[in-house]
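Engineer:
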Amino acid sequence: MRWALIGASRIAANYMIDAIRSVEGSTITAVLSSDAARGADYARTHGIAESYTDLDRMLAEAEIDAVYISTTNEKHHAEAMAAIAAGKHVMCEKPLAMTVADAAEMVRAAAEKGVVFGTNHHLRNAGTHLAIRDLIANGAIGNVLSARVFHAVNLPEVLRGWRIDNPGAGGGVIPDIVVHDADTVRFHLGEDPVEVVARQTVSGLGQGVEDSAMSIWEMPSGTMVQTHESFTHAFAETGIEFHGTKGSIVARGVMTQNPVGEVWLTDENGRKSVPYETHGLYERSMRLFHAAARGEGRPSADGVDGVKSLAVAMAVKAAADSGKAVAVDYGGF
Ligand code: NDP
Numbered sequence: 001m002r003w004a005l006i007g008a009s010r011i012a013a014n015y016m017i018d019a020i021r022s023v024e025g026s027t028i029t030a031v032l033s034s035d036a037a038r039g040a041d042y043a044r045t046h047g048i049a050e051s052y053t054d055l056d057r058m059l060a061e062a063e064i065d066a067v068y069i070s071t072t073n074e075k076h077h078a079e080a081m082a083a084i085a086a087g088k089h090v091m092c093e094k095p096l097a098m099t100v101a102d103a104a105e106m107v108r109a110a111a112e113k114g115v116v117f118g119t120n121h122h123l124r125n126a127g128t129h130l131a132i133r134d135l136i137a138n139g140a141i142g143n144v145l146s147a148r149v150f151h152a153v154n155l156p157e158v159l160r161g162w163r164i165d166n167p168g169a170g171g172g173v174i175p176d177i178v179v180h181d182a183d184t185v186r187f188h189l190g191e192d193p194v195e196v197v198a199r200q201t202v203s204g205l206g207q208g209v210e211d212s213a214m215s216i217w218e219m220p221s222g223t224m225v226q227t228h229e230s231f232t233h234a235f236a237e238t239g240i241e242f243h244g245t246k247g248s249i250v251a252r253g254v255m256t257q258n259p260v261g262e263v264w265l266t267d268e269n270g271r272k273s274v275p276y277e278t279h280g281l282y283e284r285s286m287r288l289f290h291a292a293a294r295g296e297g298r299p300s301a302d303g304v305d306g307v308k309s310l311a312v313a314m315a316v317k318a319a320a321d322s323g324k325a326v327a328v329d330y331g332g333f
């Protein structure tokens with residue numbers, strides 16, 4: 001499969017270029033950047049044959065089957081719609097769009113065109129999370145009473161750009177991190193939050209967007225979910241916990257881009273460490289995407305997963321802004 005990168009981004013440079021190339025028969029032939037010089041430099045640095053500044057031209061000229069979209073969030077919708085119209089498979093970064101309606105339109109357009117659409121939710125590819133999901137699905141902790149997500153991090157200096165000062169580009173910890181937590185909780189529990197309450201703060205890291213949030217989600221089964229996301233916590237450890245009628249799963253250091261962390265299961269027999277596989281998260285995501293494009297299976301997180309994670313984040317934002325409980329609107333999905 002021949003790929004074009006839409007966006008000369010850090011996530012592509014740090015993870016996705018290698019992940020795409022890790023799949024046999026996969027090449028990256030072009031990159032799109034709004035800046036010709038940076039695009040050319042990025043192409044040279046990463047061994048990509050061509051760089052473009054015009055999306056329509058790239059879609060018309062470059063020999064590509066698929067695009068990976070990792071521009072800032074406000075650009076995803078228009079870029080995905082253009083790529084889908086050109087018949088390209090799309091792997092899109094989270095959050096898929098600035099509104100649920102836009103995200104739903106992208107996903108419906110891909111289905112109508114018959115191209116594969118994936119959302120780059122990496123966490124559900126982690127060996128840790130796959131092991132946790134298996135434990136829950138196999139009844140290791142019985143009925144799940146509650147879940148807690150700890151996703152308060154220290155935003156690296158290099159990422160303190162649009163994420164902390166540009167709401168128009170999709171900045172803010174809620175669009176950035178709540179979407180991942182929503183996808184991960186949905187992945188583990190196999191159900192979608194119905195209603196949320198939330199609080200947010202702006203601690204001064206940036207301007208105009210929230211840099212910390214806490215929320216509580218009501219699930220159809222009655223499981224209580226509590227989440228904490230932040231850009232300002234230099235020493236907090238990430239983690240996720242599920243507590244059930246027969247046991248508890250506690251995981252630390254697992255809300256991360258790398259195959260690391262620890263998972264423990266505690267039940268009537270005591271506490272034991274849970275083994276897990278240590279493959280690359282993004283590599284697995286790309287393997288499953290390629291298989292889906294061959295007609296085998298589905299992407300790890302598909303377009304509907306991306307719409308739903310965005311819908312939860314939008315509800316959390318509306319709840320934090322209003323101080324009221326907000327029903328999650330899944331845009332018809
Ligand atoms: P970057 O800030 O690195 O890239 C976003 C855009 O900024 C690029 O498309 C590029 O524009 C421009 N840009 C990048 N580097 C520079 C630079 N040195 N100087 C000037 N402009 C620059 O964003 P991220 O890679 O952090 O995020 C991109 C997308 O990926 C977002 O949607 C984000 O939410 C998502 N993401 C997902 C992750 C995941 O694990 N799934 C992790 C990190 C991000 P141009 O293309 O026009 O050159």
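Taking my numbering, I'd label the letters of the sequence shown as residues 1 to 333. Glycine is no exception: its CB is placed at the ideal position from the N, C-alpha and C atoms.
(1) Tell me whether the region 93–101 and the region 165–181 touch, counting them as touching only if at least three CB pairs, one residue from each stretch, are closer than 8 Å.
(2) Taking buried to mean at least 16 other C-beta atoms within 10 Å of its own C-beta, is Asp321 buried or exposed?
(3) Whole angstroms are fine: how far does the CA of Glu50 sit from the CA of Leu123?
(4) Per DSSP, what kind of secondary structure is Gly168 in: helix, strand or coil?
(5) According to DSSP, what are the bridge partners of Gly247?
(6) For the ligand NDP, any of its heavy atoms closer than 6 Å to the Cβ of Glu283?
(7) Indicate the three-state DSSP secondary structure (helix, strand or coil) for Thr201 in the structure shown.
(8) How far does the beta strand (DSSP E) with Arg287 in it extend, from its first residue to its last?
(9) For Arg148, report the span of its beta strand (DSSP E) as first-last.
(10) Measure the beta-carbon distance from His228 to Ala152 and round it to whole angstroms, keeping in mind my assumption that it falls under 8 Å.
(11) I need the DSSP call for Ile84, collapsed to helix, strand or coil.
(12) Over what stretch of residues does the alpha helix (DSSP H) that includes Ala313 continue unbroken?
(13) Can you give the Cα-Cα distance for Phe333 and Leu310, rounded to whole angstroms?
(14) Could you work out which residue in Ala4, Asp102, Ile11 is closest to Met314 when comparing CA atoms only?
(15) Can you tell me whether Thr232 is buried or exposed? The criterion is at least 16 other CB atoms within 10 Å of its CB, across all chains shown.
(16) Closer than 8 Å is the cut-off here; do at least three beta carbon pairs connect the region 216–228 with the region 186–196?
Structural biologist: Quick answer:
(1) yes
(2) Position 321 of the sequence shown, counted from the first residue, corresponds to residue 321. With fewer than 16 other Cβ atoms within 10 Å, it is exposed.
(3) Taking the sequence shown and counting its residues from 1, the one referred to as residue 123 is at position 123. Taking the sequence shown and counting its residues from 1, the one referred to as residue 50 is at position 50. Each residue's alpha carbon lies about 31 Å from the other.
(4) On the sequence shown, residue 168 is found 168 positions in, with the first residue counted as 1. Gly168 falls in the helix class under three-state DSSP.
(5) Locating residue 247 in the sequence shown gives position 247, counting from the first residue. The partner list for Gly247 (beta bridge, DSSP) reads Asp267.
(6) Here residue 283 is taken as the residue at index 283 of the sequence shown, counted from 1. No.
(7) Looking up residue 201 in the sequence shown gives position 201. Here Thr201 sits in strand by DSSP.
(8) Within the sequence shown, residue 287 is the residue found at index 287, counting from 1. No beta strand (DSSP E) contains Arg287, which is instead part of the alpha helix (DSSP H) from 281–293.
(9) On the sequence shown, residue 148 is found 148 positions in, with the first residue counted as 1. It spans 144–152 - the beta strand (DSSP E) in which Arg148 sits, taken as one unbroken run.
(10) Numbered from its first residue, the sequence shown carries residue 228 at position 228. Numbered from its first residue, the sequence shown carries residue 152 at position 152. Rounded, the Cβ-Cβ distance is 5 Å, consistent with contact.
(11) What you label residue 84 is simply residue 84 of the sequence shown in a count that begins at 1. Helix at Ile84.
(12) By 1-based counting over the sequence shown, the position of residue 313 is 313. Element bounds for Ala313: 303–322.
(13) Here residue 333 refers to the residue found at position 333 of the sequence shown. Here residue 310 refers to the residue found at position 310 of the sequence shown. Those two C-alpha atoms are separated by around 12 Å.
(14) Here the question's residue 314 lines up with position 314 in the sequence shown. Checking every option, the nearest Cα to that of Met314 belongs to Asp102.
(15) One-based indexing of the sequence shown puts residue 232 at position 232. Counting Cβ neighbours within 10 Å, Thr232 comes out buried, since at least 16 surround it.
(16) yes
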